[in-house]
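Chains as they are written, first to last, in UniProt numbering: chain A, 1 to 376; chain B, 1 to 376.
A short write-up of the structure that comes next.
Number of protein chains: 2
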Amino acid sequence: MSIDAPETTRVPVALGDRSYDILIGSGLIASAGATLAARFPGRAVAIVTDATVGDLHAPALEAGLTAAGLRHHRITVPAGEATKRFAMLEEVVDQVLAHRLERGDLVLALGGGVVGDLAGFAAAIVRRGMGFVQMPTSLLAQVDSSVGGKTGINSRHGKNLVGAFYQPGLVLADTDVLDTLSTREFRAGYAEVAKYGLIDDPGFFSWLEANWRGVFQGGKDRVHAIATSCRAKAAVVARDETETGDRALLNLGHTFGHALEAATRYDGTRLVHGEAVAIGMCQAFRFSAKLGLCSSDAAERMTAHLKTVGLPTELAHVPGGVGDVDGLMAAIGQDKKVARGKLTFILARGIGESFIAKDVDPAAVRAFLAEDLARG
Amino acid sequence: MSIDAPETTRVPVALGDRSYDILIGSGLIASAGATLAARFPGRAVAIVTDATVGDLHAPALEAGLTAAGLRHHRITVPAGEATKRFAMLEEVVDQVLAHRLERGDLVLALGGGVVGDLAGFAAAIVRRGMGFVQMPTSLLAQVDSSVGGKTGINSRHGKNLVGAFYQPGLVLADTDVLDTLSTREFRAGYAEVAKYGLIDDPGFFSWLEANWRGVFQGGKDRVHAIATSCRAKAAVVARDETETGDRALLNLGHTFGHALEAATRYDGTRLVHGEAVAIGMCQAFRFSAKLGLCSSDAAERMTAHLKTVGLPTELAHVPGGVGDVDGLMAAIGQDKKVARGKLTFILARGIGESFIAKDVDPAAVRAFLAEDLARG
Ligand SMILES: NC(=O)c1ccc[n+]([C@@H]2O[C@H](COP(=O)([O-])OP(=O)(O)OC[C@H]3O[C@@H](n4cnc5c(N)ncnc54)[C@H](O)[C@@H]3O)[C@@H](O)[C@H]2O)c1
Ligand SMILES: NC(=O)c1ccc[n+]([C@@H]2O[C@H](COP(=O)([O-])OP(=O)(O)OC[C@H]3O[C@@H](n4cnc5c(N)ncnc54)[C@H](O)[C@@H]3O)[C@@H](O)[C@H]2O)c1
Chain A
1 MSIDAPETTR VPVALGDRSY DILIGSGLIA SAGATLAARF PGRAVAIVTD
51 ATVGDLHAPA LEAGLTAAGL RHHRITVPAG EATKRFAMLE EVVDQVLAHR
101 LERGDLVLAL GGGVVGDLAG FAAAIVRRGM GFVQMPTSLL AQVDSSVGGK
151 TGINSRHGKN LVGAFYQPGL VLADTDVLDT LSTREFRAGY AEVAKYGLID
201 DPGFFSWLEA NWRGVFQGGK DRVHAIATSC RAKAAVVARD ETETGDRALL
251 NLGHTFGHAL EAATRYDGTR LVHGEAVAIG MCQAFRFSAK LGLCSSDAAE
301 RMTAHLKTVG LPTELAHVPG GVGDVDGLMA AIGQDKKVAR GKLTFILARG
351 IGESFIAKDV DPAAVRAFLA EDLARG
Chain B
1 MSIDAPETTR VPVALGDRSY DILIGSGLIA SAGATLAARF PGRAVAIVTD
51 ATVGDLHAPA LEAGLTAAGL RHHRITVPAG EATKRFAMLE EVVDQVLAHR
101 LERGDLVLAL GGGVVGDLAG FAAAIVRRGM GFVQMPTSLL AQVDSSVGGK
151 TGINSRHGKN LVGAFYQPGL VLADTDVLDT LSTREFRAGY AEVAKYGLID
201 DPGFFSWLEA NWRGVFQGGK DRVHAIATSC RAKAAVVARD ETETGDRALL
251 NLGHTFGHAL EAATRYDGTR LVHGEAVAIG MCQAFRFSAK LGLCSSDAAE
301 RMTAHLKTVG LPTELAHVPG GVGDVDGLMA AIGQDKKVAR GKLTFILARG
351 IGESFIAKDV DPAAVRAFLA EDLARG
């Protein structure tokens with residue numbers, strides 16, 4: 001429930017003839033039928049959602065679609081990361097086709113990043129590309145996964161190894177919907193919000209230090225934080241749609257983070273993605289400080305803020321531990337950001353001064369990890 | 001075995017930053033290692049092939065890759081249309097990842113249209129897009145499926161309903177390799193060659209009437225026919241990459257043809273795709289003549305040529321029959337070229353004068369089919 005009713009904020013994503021809008025604000029699920037009928041008249045809609053989100057939020061969406069005269073069908077997948085696999089992709093594709101949707105009709109993802117990644121990939125491949133709309137319902141999905149067109153599933157060889165770049169025609173981020181999200185999931189998404197400050201917007205990071213409570217509470221601070229995050233991601237994506245260049249900056253905290261997720265076997269009860277990113281960003285700053293690239297003050301300041309909002313910031317915060325240096329190094333070596341044997345990291349010269357460091361010496365990483373594990 | 005050794009013919013496909021070459025000629029499999037090493041230095045290669053083609057032609061390719069110092073792995077799928085399904089896609093994707101290929105490495109399709117469509121789709125989605133090379137080994141694949149970037153698999157709801165537009169970086173069409181193809185499969189591919197004449201190149205159609213024996217035999221007539229076909233398809237694709245406009249011309253004979261394939265339950269012992277297209281093109285001309293759009297002379301002339309090379313041209317030529325009008329109409333209605341309930345056909349005003357007819361009256365199609373079935 002929002003404490004005030006901010007206007008809807010529009011963030012355009014500039015990608016030539018694939019440009020689209022992100023609309024952010026209160027009450028957008030209820031008005032989605034009218035919005036879609038205006039932008040995509042006469043299209044049928046396949047709503048892909050997970051069981052949790054579907055129960056909570058699909059009825060309001062469906063009522064609006066019905067009122068606007070749009071034919072719709074709900075396709076429900078199980079909640080959780082395990083849903084991002086081939087069998088579920090086939091299931092969603094099959095149901096979209098069974099409902100006789102045509103190329104111009106819409107696949108609509110109503111859910112967190114799991115649903116968005118899966119449904120977006122299905123939209124990309126059914127009839128070699130259908131219409132696609134994102135209605136992200138987790139904070140992580142609103143500020144990160146729904147923006148930029150990366151879609152996909154996991155493979156037994158690693159996360160997100162199979163997929164497509166496929167841009168939606170519209171993103172509707174209803175900020176009220178986050179009120180039903182667990183605090184833990186909200187915090188995990190907040191790690192990605194803070195990331196945009198840490199990458200290249202020190203002013204936004206300072207604003208978050210002062211206003212984070214408002215973001216958690218809802219209302220216009222939340223809309224501001226989400227819109228600022230989307231604007232930051234959209235700018236990077238517009239510069240580098242298919243991640244051949246500086247889109248990699250968005251991976252701040254992710255190389256270490258992925259290694260932690262692998263070390264905990266993607267067990268969300270121990271560590272969810274945003275928590276891994278939180279620890280990973282703290283590690284990236286500590287590693288940068290150790291390399292003499294940034295001050296330890298900067299590392300301490302960003303760590304303190306993440307700790308204040310309740311995020312884990314240390315390896316020791318992971319229940320059950322993360323194993324030893326060898327295991328972490330092996331996971332880092334398998335990370336897909338490895339180009340021809342060299343290690344690529346996102347490092348920082350300070351808060352809001354991140355950069356892509358190619359050719360990082362594996363021995364330096366190993367030494368840092370040994371020290372970081374020894375912190376306790 | 002070619003009877004002479006023509007130079008390699010290069011057909012460029014102009015698609016902006018996704019432009020690529022089709023090289024057509026004798027002996028290209030043996031020299032492929034050197035060609036790839038020059039164009040894609042240092043890339044690892046996953047060769048996707050079917051059991052039949054792999055046994056016949058993979059060893060020569062592999063010897064060349066080894067000699068050129070390129071790491072390679074062979075991934076073998078069963079021969080036949082049933083291979084274009086989700087389970088095989090997952091299998092190919094999984095093996096490409098298991099061999100630790102990176103985003104810049106190559107998936108190489110060595111086979112007919114089945115292998116090309118499946119491997120191309122896998123290349124499109126592994127790591128959201130790897131390098132991709134086509135080495136088509138059937139005539140159909142050399143003149144049609146390897147050109148234009150359509151990749152995909154079948155669904156229980158219909159053929160080619162799941163896939164991606166994904167352009168290769170290079171197409172190598174070794175014309176000698178067609179000598180191991182069965183005459184029936186060669187003829188089926190020839191239907192697509194003739195199609196390019198019928199669409200918009202009456203001079204090429206006349207040339208085929210005079211020189212078809214040379215095309216079947218091998219040597220420079222074969223190279224000429226394949227290069228002319230590729231040039232024709234490349235021009236259409238360059239104008240309309242994702243089939244929103246006149247790329248649909250390439251579907252001449254395909255709406256009727258798909259209905260025949262459906263009526264024979266895609267049983268290749270009864271009817272292979274090119275045979276269905278041959279009959280479908282004759283039907284499109286007969287239908288055009290009946291509608292007063294073209295002369296019956298034109299319909300008879302094109303039918304006579306296809307009959308001369310040994311292709312079926314009548315519904316009565318299909319072993320086991322094709323059922324009744326209702327069944328064919330239902331199949332036509334399910335064809336994916338139906339836009340919002342209207343029927344689209346490719347019709348002709350004469351040989352080399354095909355056009356896209358939208359809003360064709362289903363009653364006229366029904367009347368024509370009843371008459372065509374009654375021919376005997
Ligand atoms: N495509 C990209 O660019 C990109 C970027 C980052 C992450 N991702 C992917 O996103 C996924 C993680 O996203 P996520 O954290 O949203 O996970 P998720 O989709 O699993 O959602 C987390 C949990 O919250 C529940 N949930 C979502 N919205 C809710 C709501 N409003 N109320 C109550 N419960 C709700 C879900 O049912 C789920 O149990 C990962 O698979 C990751 O790989 C993709
Ligand atoms: N992507 C496109 O634009 C496009 C266009 C037209 C057709 N297609 C697809 O192409 C497929 C049909 O292609 P196809 O006719 O090549 O089928 P195919 O790949 O099944 O090949 C036909 C048969 O010939 C064998 N074969 C192939 N090359 C051979 C050789 N040199 N020597 C001996 N045997 C050989 C194969 O093993 C197979 O048994 C269909 O799935 C169709 O949907 C795609």
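All residues carry an ideal CB built from backbone N, CA and C; glycine is no exception.
Could you check whether the Cβ of residue i sits closer than 8 Å to any heavy atom belonging to ligand 2?
i      : result
B:L140 : yes
B:H273 : yes
A:K195 : no
B:T175 : no
B:A238 : no
A:H317 : no
B:E185 : yes
B:A79  : yes
B:G148 : yes
B:G189 : yes
Less than 8 Å between the CB of residue i and some heavy atom of ligand 1, yes or no?
i      : result
A:S155 : no
A:V53  : yes
A:S26  : no
A:S145 : yes
B:H258 : no
A:G113 : yes
B:T8   : no
A:T180 : yes
A:D246 : no
A:T76  : no
A:D117 : yes
Taking only beta-carbon atoms, is residue i less than 9 Å away from chain B?
i                      : result
A:E90                  : yes
A:M1                   : Confidence at A:M1 is low in this model, with a pLDDT of 39, below 50, so the placement of that residue is unreliable and no value is reported for it.
A:T255                 : no
A:L161                 : yes
A:V114                 : no
A:V93                  : yes
A:T344                 : no
A:P6                   : At A:P6 the pLDDT is 49, less than 50, meaning the model places this residue with poor confidence; the figure from the coordinates comes in the next sentence. With 9 Å as the cut-off, A:P6 does not count as an interface residue toward chain B.
residue 442 of chain A : Missing from the structure shown is residue 442 of chain A; chain A here goes from 1 to 376 and no further.
Output the boundary residues of the beta strand (DSSP E) element that contains residue i.
i                      : result
A:V13                  : 9–13
A:T52                  : Segment 51–67 is the alpha helix (DSSP H) holding A:T52; no beta strand (DSSP E) there.
residue 377 of chain A : Lying before the first or after the last residue shown, residue 377 of chain A is absent from chain A, which here runs from 1 to 376.
B:K159                 : 158–165
B:D174                 : 170–174
List the residues of chain B whose Cβ lies closer than 9 Å to the Cβ of residue i, in chain order.
i      : result
A:K290 : Here the premise fails: no neighbours, minimum Cβ distance about 29 Å.
Would you say residue i reaches chain A, if we count a Cβ-Cβ gap shorter than 9 Å as a contact?
i      : result
B:K150 : yes
B:F368 : no
B:R247 : no
B:R265 : no
B:L204 : The residue you asked about is not Leu; residue 204 of chain B is Phe in the sequence shown. B:F204 does not count as touching chain A.
B:K336 : Below a pLDDT of 50, predicted positions are generally treated as unreliable, and B:K336, at 46, falls in that range; the measurement from the model is reported next regardless. Taking Cβ atoms only, chain A reaches closer than 9 Å to B:K336, which makes this a yes.
B:G268 : no
B:R239 : no
So residue i is in the alpha helix (DSSP H); what residue range does that whole segment cover?
i      : result
A:M302 : 296–308
B:R213 : 202–217
A:S229 : 220–239
Taking residue i as the query, report the chain A residues whose CB atoms sit under 7 Å from its CB, ordered along the chain.
i      : result
B:A98  : H157
B:F86  : F86, E90
B:I125 : V162, G163, A164
Please list the partners that residue i has in chain A, where partner means a Cβ-to-Cβ separation under 8 Å.
i      : result
B:I356 : By Cβ distance, chain A contributes nothing, its closest Cβ being about 16 Å from B:I356, past 8 Å.
B:R18  : Simply none; closest approach about 12 Å.
If you measure from the beta carbon of residue i to each beta carbon in chain C, is any gap under 9 Å?
i      : result
B:F121 : Any reference to chain C falls outside this structure, whose protein chains are A and B.
What does residue i touch in chain B if you count any residue whose Cβ is under 8 Å from its own?
i                      : result
residue 457 of chain A : Nothing about residue 457 of chain A can be reported from this structure: the residues present for chain A run from 1 to 376 only.
Which residues in chain A have a C-beta closer than 9 Å to the C-beta of residue i? List them in chain order.
i     : result
B:R71 : The contacting residues do not exist; B:R71 stays about 13 Å from chain A at best.
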